[in-house]
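Take a look at the structure below.
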Amino acid sequence: MKYDFDRLVDRSNTDSSKWGAVETIFGSRDVLPMWVADMDFPIAQPITEALRKRTEHEIYGYAQPPPSVIEAVTDRMKRKFGWTIKPEWIVFTPGVVPALHAAVKAFTHPGDAVITQEPVYHPFWSAVTANGCLVVNNQLKLINGHYEIDYDGLESEFHPKGGGMMASAPRIRMMILCNPHNPVGRVWSKEELTRMGKIIIRNDAIMVSDEIHCELLFKGFKHVPFASISEEFEQHCIVGMAPSKTFNLAGLSASSIIIPNTKLRDRFNAARAGILPRPNIFGLVALEAAYRYGDEWLGQLLEYLQGNLEFLMAYFGEKIPKIKVIKPEGTYLVWLDCRGLGMDEMSLRSLMREKAKVGLEDGHIFGSSGSGFQRMNIACPRVTLEQALKRIEQAVNEC
Ligand SMILES: Cc1ncc(COP(=O)(O)O)c(C=O)c1O
Numbered sequence: 194m195k196y197d198f199d200r201l202v203d204r205s206n207t208d209s210s211k212w213g214a215v216e217t218i219f220g221s222r223d224v225l226p227m228w229v230a231d232m233d234f235p236i237a238q239p240i241t242e243a244l245r246k247r248t249e250h251e252i253y254g255y256a257q258p259p260p261s262v263i264e265a266v267t268d269r270m271k272r273k274f275g276w277t278i279k280p281e282w283i284v285f286t287p288g289v290v291p292a293l294h295a296a297v298k299a300f301t302h303p304g305d306a307v308i309t310q311e312p313v314y315h316p317f318w319s320a321v322t323a324n325g326c327l328v329v330n331n332q333l334k335l336i337n338g339h340y341e342i343d344y345d346g347l348e349s350e351f352h353p354k355g356g357g358m359m360a361s362a363p364r365i366r367m368m369i370l371c372n373p374h375n376p377v378g379r380v381w382s383k384e385e386l387t388r389m390g391k392i393i394i395r396n397d398a399i400m401v402s403d404e405i406h407c408e409l410l411f412k413g414f415k416h417v418p419f420a421s422i423s424e425e426f427e428q429h430c431i432v433g434m435a436p437s438k439t440f441n442l443a444g445l446s447a448s449s450i451i452i453p454n455t456k457l458r459d460r461f462n463a464a465r466a467g468i469l470p471r472p473n474i475f476g477l478v479a480l481e482a483a484y485r486y487g488d489e490w491l492g493q494l495l496e497y498l499q500g501n502l503e504f505l506m507a508y509f510g511e512k513i514p515k516i517k518v519i520k521p522e523g524t525y526l527v528w529l530d531c532r533g534l535g536m537d538e539m540s541l542r543s544l545m546r547e548k549a550k551v552g553l554e555d556g557h558i559f560g561s562s563g564s565g566f567q568r569m570n571i572a573c574p575r576v577t578l579e580q581a582l583k584r585i586e587q588a589v590n591e592c
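Going by my numbering, 368 is the number at position 175 of the sequence shown; the sequence numbering is gapless.
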């Protein structure tokens, strides 16, 4: 079936965070929301049908993932990434972020440290600090418009100056990796993952790999699950997967956290007990339908997003050249380098929100190296994207 991603769908009065909170967050109802990561596209028809069928049952008690849901996950990992996983490795949670909190609780002690790579999805830090740990920043390097890993910096975090194993230096227990990376859009290659992973394993830490955006890839890019690299990697990591970003199901709360190492899985389960509820019953139905029958829709979505990206790149290049697009390899989030406008943080924010009336995310919320950047969600019909770009162009020309 042919899906129409150009169709404008009114999301007002649908309890949408993206649209409903516009006035509170951006100060005006007229702001076009292009912030939080969900899409303004209706979902794949097989998912709608599966949900409709399930609602007809009329009893919505506690969920127990059935074998068919578990198989949908194992099949998908095999089919999409050539990664063979065992059913017992999967832990279902209502989301990836709550699972990150549970992971920090499970694998650290208060006072330990956890590595993240700024600029990065900021809820990673709350997961760390809420558990009494410290965030260590292995900052990404921006080289000719391309973000890269600072491997030497990563290694040296484990050996702080002044004697390495100083009694006072916090022990680094884990790293939270974002792959594909929100907000800079990198899809880390097998080589990059291997180099990072070796450093983590050599230093006796655990990799917590958030791969929620793993199926949102632009042409020419391939996702490699961190754990799929080797058996050794498998034993030193946990991987967060979900259909929520790919299939626009974020409100249905169902993700699968894949933990091959039995001891790590037991610790994770102990840490989450009583805190993380079971996944949502409709979320499981949607997850299964998406993974089994969602590919026709997904193929068309990816084509459309590719078109949106090309449209946006051409628009900025021709009409707003002072803003440079960091070309994403994955996700539908575009990282805009606005430093060429020569504005301080507050003026840039006001330019986008008050003058252009486009609701973007300020770059500095992803870390201080994000200062001067803005993040734009392009998962919307092209007319909406065009409208936003026109507004930004006009505001930039007037300033
Ligand atoms: C990297 C990343 N992880 C996790 C999430 C949210 O995950 P969940 O809604 O499953 O908690 C997002 C949402 O934008 C994200 O970008």
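For each residue, glycine too, the CB sits at the ideal point set by N, CA and C.
Just so we're clear, the structure is a prediction, and the values are computed from it rather than from any experiment.
**Request:** Kindly indicate which residue of I392, G254, C371, C326 has the alpha-carbon position closest to the one of P363.
**Result:** Nearest in C-alpha terms to P363, of all of I392, G254, C371, C326, is C326.
**Asked** I431 bridges to which residues according to DSSP?
**Response** Answer by DSSP bridge pairing, in chain order: V401.
**Item:** Buried or exposed (CB count within 10 angstroms, at least 16 for buried), K354
**Value:** Under a 10 Å Cβ-count criterion, K354 is classified as exposed, with fewer than 16 other Cβ atoms of the shown protein chains found around its own Cβ.
**Message:** For ligand 1, I want to know if C371 counts as a neighbour, meaning its beta carbon is within less than 7 Å of at least one of the ligand's heavy atoms.
**Reply:** Yes, Cβ of C371 sits closer than 7 Å to a heavy atom of ligand 1.
**G288 CB to nearest heavy atom of ligand 1 below 7 Å** = It does: the Cβ of G288 is within 7 Å (strictly closer) of some heavy atom of ligand 1.
**Request:** Identify whether Q580 lies in helix, strand or coil by the three-state DSSP scheme.
**Result:** In the structure shown, Q580 sits in a helix (DSSP, three-state: H, G or I).
**Prompt:** Quick one: is H339 buried, meaning 16 or more other Cβ sit within 10 Å of its Cβ, or exposed?
**Reply:** Burial call: exposed.
**Message:** Can you look up A464 in the DSSP assignment and give me helix, strand or coil?
**Reply:** A464: helix per DSSP, three-state reduction.
**Message:** For E427, which residues in the same chain have their Cβ closer than 6 Å to its Cβ, ignoring the five residues on either side in sequence?
**Reply:** Closer than 6 Å at Cβ, skipping near neighbours: A420, P453.
**Message:** Checking 8 Å against the spacing of the C-beta atoms, do L544 and M536 come in under that value?
**Reply:** A contact, by the Cβ cut-off of 8 Å.
**Continuous alpha helix (DSSP H) stretch holding F317: start and end** = Unbroken alpha helix (DSSP H) run through F317: 316 to 322.
**Asked** So does P291 have its beta carbon nearer than 7 Å to some heavy atom of ligand 1?
**Response** At least one heavy atom of ligand 1 lies closer than 7 Å to the C-beta of P291.
**Prompt:** Any idea if T524 is buried or exposed, counting beta-carbon neighbours within 10 angstroms, 16 or more meaning buried?
**Reply:** By the neighbour-count rule (16 or more Cβ atoms within 10 Å), T524 is buried.
**Message:** Looking only at its chain, what residues have a beta carbon closer than 6 Å to the beta carbon of A320, apart from the 5 residues adjacent to it on each side?
**Reply:** Sequence-distant Cβ neighbours of A320 in its own chain, meaning closer than 6 Å and more than five residues away, are L293, H294, V297.
**Asked** How is L386 classed by DSSP in three states: helix, strand or coil?
**Response** It is helical.
**Prompt:** Is T248 close to chain B, meaning its C-beta is less than 8 Å from at least one C-beta of that chain?
**Reply:** This model lacks chain B altogether; it includes just one protein chain.
**Message:** Taking the alpha carbon of E242 as the reference point, which residue from S448, P472, V478 has its own alpha carbon closest?
**Reply:** It is V478 whose Cα lies nearest to the Cα of E242.
**Prompt:** If you measure from the CB of S448, is any heavy atom of ligand 1 nearer than 7 Å?
**Reply:** True, at least one ligand heavy atom lies under 7 Å from that Cβ.
**Message:** Tell me whether Y314, by its Cβ, gets closer than 7 Å to a heavy atom of ligand 1.
**Reply:** Yes, the beta carbon of Y314 sits closer than 7 Å to at least one heavy atom of ligand 1.
**Message:** Let me check understanding here. Comparing Cα to Cα, which of N337, I240, H250, Q580 lies closest to P504?
**Reply:** Checking the sequence shown, residue 504 turns out to be Phe, not Pro. Of all alpha-carbon atoms in N337, I240, H250, Q580, the one lying nearest the alpha-carbon of F504 is that of Q580.
**Request:** List the residues that DSSP assigns as beta-bridge partners of K334.
**Result:** Note: K334 sits in a beta bridge opposite E341.
**Asked** Are the Cβ atoms of V289 and I431 separated by less than 8 Å?
**Response** In this structure, V289 keeps its C-beta atom at 8 Å or more from the C-beta atom of I431.
**Item:** Within 8 Å, strictly: CB atoms of V329 and V307
**Value:** Cβ atoms of V329 and V307: closer than 8 Å.
**Item:** D203 burial status per 10 Å Cβ neighbour count (16 or more: buried)
**Value:** Exposed, since its Cβ has fewer than 16 Cβ neighbours within 10 Å.
**Item:** H302: CB within 7 Å of a non-hydrogen atom of ligand 1
**Value:** Not under cutoff, so the answer is no.
**Message:** To the nearest angstrom, how far is the alpha carbon of K517 from that of K334?
**Reply:** Here the alpha carbons of K334 and K517 stand approximately 16 Å from one another.
**Request:** Would you tell me roughly how many angstroms separate the C-alpha atoms of P316 and K438, rounded to the nearest one?
**Result:** Rounded to whole angstroms, P316 to K438 spans 16 Å at the Cα level.
**Prompt:** Exposed or buried, which one is R628 when buried takes at least 16 other CB atoms within 10 Å?
**Reply:** Past the edges of the chain, shown from 194 to 592, lies residue 628, and the structure says nothing about it.
**Three-pair Cβ contact test at 8 Å for the segment 546 to 553 versus the segment 394 to 410** = Short answer: they don't touch.
**Asked** At what residues does the beta strand (DSSP E) containing V307 begin and finish?
**Response** Run containing V307: 306 to 309, per the beta strand (DSSP E) assignment.
**Message:** So, does the segment 492 to 508 touch the segment 266 to 278, judging by three or more C-beta pairs under 8 Å?
**Reply:** Cβ pair count under 8 Å is below three, so no.
**Request:** Answer yes or no: the CB of A435 versus the heavy atoms of ligand 1, is any distance below 7 Å?
**Result:** Within the cutoff, so yes.
**Message:** What would DSSP say about W282, mapped onto helix, strand or coil?
**Reply:** Reduced to three states, the DSSP call for W282 is helix.
**Message:** Just list the residues that DSSP pairs L135 with in beta bridges.
**Reply:** The structure shown does not extend to residue 135, since the chain is modelled only from 194 through 592, so no value can be given for it.
**Prompt:** Would you call Y314 buried or exposed, if buried means 16 or more other Cβ atoms sit within 10 Å of its Cβ?
**Reply:** Of the residues assessed, Y314 falls on the buried side of the cut-off, its CB having 16 or more other CB atoms within 10 angstroms.
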